[in-house]
Amino acid sequence: MKKNNDQSNLIPESYHLMISEEQIQKKLRELGEQITRDFKDKCPILIGILNGSFIFLADLIRYIDTDVEVDFIRISSYGDGRESSGHIKILKPLSADINGRSVLVVEDIVDSGLSVKFLRKMLEAFNPAELKFVTLLNKPSKKQVNVQIDYIGFDIEDKYVVGYGLDDGQLKRNLRSIYYIE
Ligand code: 5GP
0 MKKNNDQSNL IPESYHLMIS EEQIQKKLRE LGEQITRDFK DKCPILIGIL NGSFIFLADL
60 IRYIDTDVEV DFIRISSYGD GRESSGHIKI LKPLSADING RSVLVVEDIV DSGLSVKFLR
120 KMLEAFNPAE LKFVTLLNKP SKKQVNVQID YIGFDIEDKY VVGYGLDDGQ LKRNLRSIYY
180 IE
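In numbering that gives the first Met the number 0, the protein residues as written are 0 to 181.
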């Protein structure tokens, strides 16, 4: 018997469960505790990288127990394809003034590292007091450039993943767990 709202009608046979919603929420609680400790009373600006990080950021801030501001940047690196093109465009620039502020960039997934490298250079030009990065997922085997990530949710294998904000051709962002496609 099908459970209510188990999302099974959204999950094709080629999708395989990688990280369940319970595992995600447990990890977010741990990340939230670390971030609270590190940014206590600094009122950091969390910058979500659209589109993929919107669910992660929304959930993560609710595990953070100090005041935070939120802003978003939208960049394009992949278009609708699955491999990094290396050509990054800013589609929505930053709105907040980050000069002298503590900044935490919130990424859904770090793959080649090219987006993080680009973002670090771009944001450093605004002279933040500190600039840190958190990513829910990291693919260590795919790095093309060396990047420092301060908080990592899960190191994963080199597989294309979807759900929990991550898309499959702009769809499936609403899945509550993370799946790999095979
Ligand atoms: P990077 O610049 O590190 O190669 O790529 C980062 C961006 O590529 C992520 O923010 C995400 O939008 C996209 N990306 C990389 N790997 C995956 C993946 O496995 N699934 C999805 N849906 N997007 C990915």
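Built from N, CA and C at the ideal position, the CB exists for glycine as well.
Quick one: is the Cβ of residue i within less than 6 Å of any heavy atom of ligand 1?
i: Leu135; result: no
i: Asp107; result: yes
i: Asp110; result: yes
i: Ser114; result: yes
i: Ser176; result: no
i: Leu165; result: yes
i: Gly51; result: yes
i: Ser75; result: no
i: Tyr14; result: no
i: Tyr150; result: no
i: Tyr159; result: yes
Taking 7 Å as the threshold (C-beta atoms), are residue j and residue i in contact?
i: Gly31; j: Ile63; result: yes
i: Phe153; j: Leu165; result: no
i: Lys158; j: Tyr179; result: yes
i: Asp105; j: Leu27; result: Position check: residue 105 holds Val in this sequence, whereas Asp was assumed. Their beta carbons are not under 7 Å apart, which means Val105 does not touch Leu27 by this criterion.
i: Tyr150; j: Val161; result: no
i: Asp66; j: Cys42; result: yes
Residue i and residue j look like a contact to me (Cβ under 8 Å); what is the Cβ gap, rounded to whole Å?
i: Ser19; j: Ser140; result: Not confirmed; about 23 Å, so no contact.
i: Val109; j: Ile148; result: 6 Å
i: Lys91; j: Leu49; result: 7 Å
i: Glu181; j: His15; result: 6 Å
Taking the beta carbon of residue i as the centre, do at least 16 other beta carbons fall within 10 Å, making it buried, or is it exposed?
i: Gly51; result: buried
i: Gly47; result: buried
i: Asp107; result: buried
Exercise. Decide yes or no for the touch test of the region 61-77 against the region 108-120: beta carbon pairs closer than 8 Å, at least 3 of them.
Key: yes
Exercise. Please confirm if the region 84-101 is in contact with the region 124-144, defined as three or more CB-CB distances below 8 Å between the two stretches.
Key: yes
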